[in-house]
Ligand SMILES: Cc1ncc(COP(=O)(O)O)c(C=O)c1O
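Residue numbers (the working numbering): 144 to 368.
Shown next, in the form of structure tokens:
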């Protein structure tokens, strides 16, 4: 992030953080959502801090941006029935806000459980076919997902599923290869494309039991061709 911020500063660019999976994460004591000019958080139910339905928030330290964003989310209107901008109906639903208020005090506790699970996976998964993510105690990762890499992804996914462990791929297609971005489809980004071919998310959730965790570790270690 230091390098990104420096590059943006030198080139007069805005930095918009995607913090959808990063509630509570930090680098050198600076939280996700506090690095860039603005940042988007997702409260989709499956996220580390999830509502009952769709919800999200933007953070910014820029007063002018804050004022405009507040107006944009409310039909572009600061004064009732007067529209200064062509805005949206993007207010946070009150039921979702209430739910988030109840869940917020548990966020750090749940993140700590995720960290313990991640540590356990990293300490105990040992399989030459699998690359593990790196654990760094200083940069506080919050493990929304636990993403491993293997060039035998389909085989591993099928093996785990056959043994009762569901995994997901986040994400199978890189943005520049999506149909929605036809004009970028010709680009070649070999590192990005390789990552998208190899990533697999193991189960990660504060509600995993010790048995679940042990079973996942055992199966991943048993996997072979
Ligand atoms: C990295 C990332 N960015 C953005 C989003 C979109 O969030 P939302 O569904 O709340 O719009 C997600 C959700 O899956 C995500 O994981």
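Backbone N, C-alpha and C define an ideal beta-carbon position, used for all residues, glycine too.
- In the structure shown, the three-state DSSP call for residue 159 is strand.
- An exposed status is given to residue 352, since fewer than 16 other beta-carbon atoms sit within 10 Å of its beta-carbon.
- Taking the Cβ of residue 355 as the reference point, every heavy atom of ligand 1 lies at 8 angstroms or farther away.
- When the beta-carbon positions are compared, residue 218 and residue 231 come within less than 9 angstroms of each other.
- Contact annotation: residue 176 and residue 246 have beta-carbon atoms that are not nearer than 9 angstroms.
- Around the beta carbon of residue 191, a 10 Å sphere encloses 16 or more other beta carbons of the protein chains shown; the residue is thus reported as buried.
- If you check the C-beta of residue 233 against ligand 1, you find no heavy atom less than 8 angstroms away.
- Counting other Cβ atoms within 10 Å of its Cβ, residue 342 reaches 16 or more and is therefore classed as buried.
- Contact check for residue 289 and residue 345: beta-carbon distance about 5 angstroms, within the 8 angstroms limit, so the pair qualifies.
- 347 is the residue among 333, 347 and 158 whose C-alpha sits nearest the C-alpha of residue 309.
- Taking the Cβ of residue 168 as the reference point, every heavy atom of ligand 1 lies at 8 angstroms or farther away.
- Judged by beta-carbon spacing, residue 299 lies within the 9 angstroms limit of residue 273, meaning their Cβ atoms are closer than that value.
- Proximity to residue 281 across 171, 264 and 332 peaks at 171, based on C-alpha coordinates.
- Boundaries of the alpha helix (DSSP H) harbouring residue 214: 206-215, taken from the DSSP string.
- Spatial neighbours of residue 150 in its own chain (CB-CB distance under 8 angstroms, excluding positions within 5 residues in sequence) are listed in chain order as 156.
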